[in-house]
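**Student:** Respectively, the protein sequence lines represent chains G and U. Mapping of the first sequence onto the numbering used here: residues 1 to 140, in sequence order. Mapping of the second sequence onto the numbering used here: residues 141 to 448, in sequence order. Glycine included, each C-beta is placed from N, C-alpha and C at the ideal position. Quick one: the structure is below, and I'll ask about it shortly.
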Amino acid sequence: MAETAHKNERMVLWCTDIMARLLRQIVARREAESRCDTFGGSTIASMDDMSLDGSKHSVTAKWKKAGMVIEEVKEVIQLPAFDGSIKEVPESEIILPSSVMKQLRDYVTEISGTYRENPFHSFEVSAITVLEAIICWSDY
Amino acid sequence: MSVAKLLSRIVAPDQVFNDEANQDQIALSLHDYTYGITSDPLTQFACVFAALIHDVDHYGIPNSQLVEEKAPLAFRYKNRSPAEQNSVNIAWKILMKSQFAGLRATICPTDDEMRRFRQLVVNSVMATDIADKEMKALRNGRWAKAFSDQSATEESERTNINRKATIVIEHLLQASDVAHTMQHWHVYTKWNERLFQEMSLAYMVGRSNKDPVEFWYQGELGFFDFYIIPLAKKLSECGVFGVSSDEYLQYAERNREEWARRGEEILQGMIERFQDKFRNEFGGFQPGTGSVTYSATSSIASTSFREE
Numbered sequence: 001m002a003e004t005a006h007k008n009e010r011m012v013l014w015c016t017d018i019m020a021r022l023l024r025q026i027v028a029r030r031e032a033e034s035r036c037d038t039f040g041g042s043t044i045a046s047m048d049d050m051s052l053d054g055s056k057h058s059v060t061a062k063w064k065k066a067g068m069v070i071e072e073v074k075e076v077i078q079l080p081a082f083d084g085s086i087k088e089v090p091e092s093e094i095i096l097p098s099s100v101m102k103q104l105r106d107y108v109t110e111i112s113g114t115y116r117e118n119p120f121h122s123f124e125v126s127a128i129t130v131l132e133a134i135i136c137w138s139d140y
Numbered sequence: 141m142s143v144a145k146l147l148s149r150i151v152a153p154d155q156v157f158n159d160e161a162n163q164d165q166i167a168l169s170l171h172d173y174t175y176g177i178t179s180d181p182l183t184q185f186a187c188v189f190a191a192l193i194h195d196v197d198h199y200g201i202p203n204s205q206l207v208e209e210k211a212p213l214a215f216r217y218k219n220r221s222p223a224e225q226n227s228v229n230i231a232w233k234i235l236m237k238s239q240f241a242g243l244r245a246t247i248c249p250t251d252d253e254m255r256r257f258r259q260l261v262v263n264s265v266m267a268t269d270i271a272d273k274e275m276k277a278l279r280n281g282r283w284a285k286a287f288s289d290q291s292a293t294e295e296s297e298r299t300n301i302n303r304k305a306t307i308v309i310e311h312l313l314q315a316s317d318v319a320h321t322m323q324h325w326h327v328y329t330k331w332n333e334r335l336f337q338e339m340s341l342a343y344m345v346g347r348s349n350k351d352p353v354e355f356w357y358q359g360e361l362g363f364f365d366f367y368i369i370p371l372a373k374k375l376s377e378c379g380v381f382g383v384s385s386d387e388y389l390q391y392a393e394r395n396r397e398e399w400a401r402r403g404e405e406i407l408q409g410m411i412e413r414f415q416d417k418f419r420n421e422f423g424g425f426q427p428g429t430g431s432v433t434y435s436a437t438s439s440i441a442s443t444s445f446r447e448e
């Protein structure tokens, strides 16, 4: 039992690490676009105003959807156009707030708990899918 | 092979990388060559996120069985991809909790980014239901349209690029979902046996009408011939994954060949190990009757509806 819990914890940490690296890239891009203080559209929460309890932030009802997901499938998703004027900020210069890191780990932990103990359709399979990427990401 | 591994294999043509004199041109070429997938960190995060959540709360039985049983989950989702829709809704609901406000704000602080993130996650996870015939036909049509000459001439260049990116991302998740078939033989056989165990358990507790023993050998061959190898060929032909995409196709073809040669013998071993492993939990059980006093840790016998 303890061994299983330890294994699960290690998988959570691996997933968290991979996702944190990608999150830093997201923030780095945002910094590069100088959008941190001037977001386009309506801001849900700002990086400077993060709190663990989230009491200051409410999610608008439109994002609390739980209906027919299949009806949301799009034929074409709009990705950002290339902007050659952006000077990339190295991911290594980005440090995520400890509160965000904790939330990311907590989220992955909670997700791992929603997986049932199936031989195949399990958190282990999904986690390994992500785990395996670590070596490859480092080559990217 | 994982989503991130596939993403990491997305490469620009050699001639682009060899041109070190113009970094901006290299970045532009890489963006165009990969339809913008590599240029957008949010897209990459969404792919990994989708991989993480794509089987959340999976019951260990196929959608077709949930539909046949008239399970609450199937009813709720109108008999369309119930497992996948359930996974997205549960994972999304958790992300929307107040204690993850800071995480959300880091991933997608604006409505526009939130919308794009959700769209990417939805398309990616829903693409992993390969049994829904309607969605499968639509997806195949979208691939054909995206890579047809007609599409390139009848719509804006931007729309055409985004169309390609969208369908390539969906195939990326599909490939990740069957990653074990496109990797080394030992990886393939390990996860193939796990899937066999899961489906055998479902049969034993009366949640499947077919004993996997009866169709597993031929079923795998058909899966390679009509899904895995065509998928690997698509990934190879679209060009986004560069020369290394051939690796996946080669593994798939080799595994198919090896399974054709040794599959029946390997299946016998799988059956014996399954019986040894689960004998204690299913003592005195008559397969297929569903009348077992179930004490296994597996959730397959459960019909609880977690989201409710």
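#1: Taking the alpha carbon of U/Q337 as the point to measure from, which residue in U/F287, U/E398, U/M410, U/Q205 has its own alpha carbon closest?
#2: Smallest Cα separation from G/G84: which of U/W283, U/D172, U/N395?
#3: Taking C-alpha atoms, which residue in U/R279, U/S348, U/N219 lies nearest to U/L312?
#4: Just tell me which of G/L23, G/A66, G/M11 has its CA closest to the CA of U/F185.
#5: Identify, in the order they occur along the chain, each residue of the same chain with its Cβ nearer than 7 Å to the Cβ of U/A286, setting aside the five sequence neighbours on each side.
#6: Using the beta-carbon count (16 or more within 10 Å), is U/R258 buried or exposed?
#7: Can you find a CB in chain G that lies within less than 7 Å of the CB of U/N168?
#8: Would you tell me roughly how many angstroms separate the C-alpha atoms of G/V69 and G/I26, rounded to the nearest one?
#9: If you pair each beta-carbon of the stretch 95–107 of chain G with each one of the stretch 322–337 of chain U, do three or more pairs fall below 8 Å?
#10: Nearest CA to the CA of G/L79: which residue from U/A319, U/M344, U/D416, U/I301?
#11: Quick check: is the beta carbon of G/R29 nearer than 7 Å to any beta carbon in chain U?
#12: Residues of the stretch 72–102 of chain G in Cβ contact with chain U at a cutoff of 8 Å, in chain order, please.
#13: Roughly how many angstroms separate the alpha carbons of U/E397 and U/L260, rounded to a whole number?
#14: Find the nearest neighbour of U/Q408 within the set U/E354, U/S385, U/Y175, U/N229, judged by alpha-carbon distance.
#15: Say whether the stretch 223–230 of chain U touches the stretch 238–250 of chain U, bearing in mind that this needs 3 or more beta-carbon pairs closer than 8 Å, one atom from each stretch.
#16: Buried or exposed for U/T293, going by 16 or more other Cβ atoms inside 10 Å?
#17: How should U/D317 be labelled, buried or exposed, when 16 other C-beta atoms within 10 angstroms of its C-beta is the threshold for buried?
#18: Along chain G, in chain order, which residues have C-beta atoms closer than 7 Å to that of U/V196?
#19: Beta-carbon within less than 6 Å of G/M1's beta-carbon, same chain only, minus the 5 sequence neighbours each way: which residues are those?
#20: Please check if any C-beta of chain G sits within less than 7 Å of the C-beta of U/T306.
#21: Using beta carbons (cut-off 7 Å, strictly below), is G/A2 in contact with chain U?
#22: Within this structure, are the beta carbons of U/Y474 and U/E393 separated by less than 7 Å?
#23: Residues of chain U with CB closer than 7 Å to the CB of G/K64, please, in chain order.
#24: Chain G beta carbons: is any one of them nearer than 7 Å to that of U/P427?
#25: Taking 7 Å as the threshold (beta carbon to beta carbon), is G/N118 in contact with chain U?
#26: Check whether the Cβ atoms of U/I270 and G/T114 lie closer than 7 Å to each other.
#27: Candidates U/E297, U/T246, U/A277: which alpha carbon is nearest G/A81's?
#28: Between the C-alpha atoms of G/S55 and U/S385, what's the straight-line distance to the nearest angstrom?
#29: Between G/A32 and G/E88, is the Cβ-Cβ spacing less than 7 Å?
#30: What does G/H121 reach in chain U if we use C-beta pairs closer than 7 Å?
#31: Quick one: which residues of the stretch 9–33 of chain G get their C-beta closer than 7 Å to a C-beta of chain U? List them in chain order.
#32: Here's the rule I'm using: 16 or more other beta-carbon atoms within 10 Å means buried, otherwise exposed. How should U/Q390 be labelled?
#33: Can you pull the chain G residues whose beta carbon is under 8 Å from the beta carbon of U/G176, in chain order?
#34: On the three-state DSSP scale, how would you describe G/F120?
#35: Please confirm whether U/D195 and G/S126 have their CB atoms less than 7 Å apart.
**Tutor:** On the basis of the supplied data:
#1: U/M410
#2: U/D172
#3: U/R279
#4: G/L23
#5: R303, K304, I307
#6: buried
#7: The residue asked about is misnamed: residue 168 of chain U is Leu in this sequence, not Asn. Interface residue, yes.
#8: 25 Å
#9: no
#10: U/I301
#11: yes
#12: E72, V73, K74, E75, V76, I77, Q78, L79, P80, A81, F82, G84, L96, P97, S99, V100
#13: 35 Å
#14: U/E354
#15: no
#16: exposed
#17: buried
#18: I111, T114, Y115
#19: none
#20: yes
#21: no
#22: The structure shown has nothing for residue 474 of chain U, since chain U only spans 141 to 448.
#23: M236
#24: Per-residue confidence for U/P427 stands at a pLDDT of 49, beneath the threshold of 50, marking its modelled position as unreliable; no derived number is given.
#25: yes
#26: no
#27: U/E297
#28: For G/S55, the predicted structure reports a pLDDT of 44, less than 50, and the residue's modelled location is therefore unreliable. The matter cannot be settled from this model.
#29: yes
#30: D195, H198, G200, E338
#31: C15, I18, M19, L22, L23, Q25, I26, V27, R29
#32: exposed
#33: L79, P80, A81, F82
#34: coil
#35: yes
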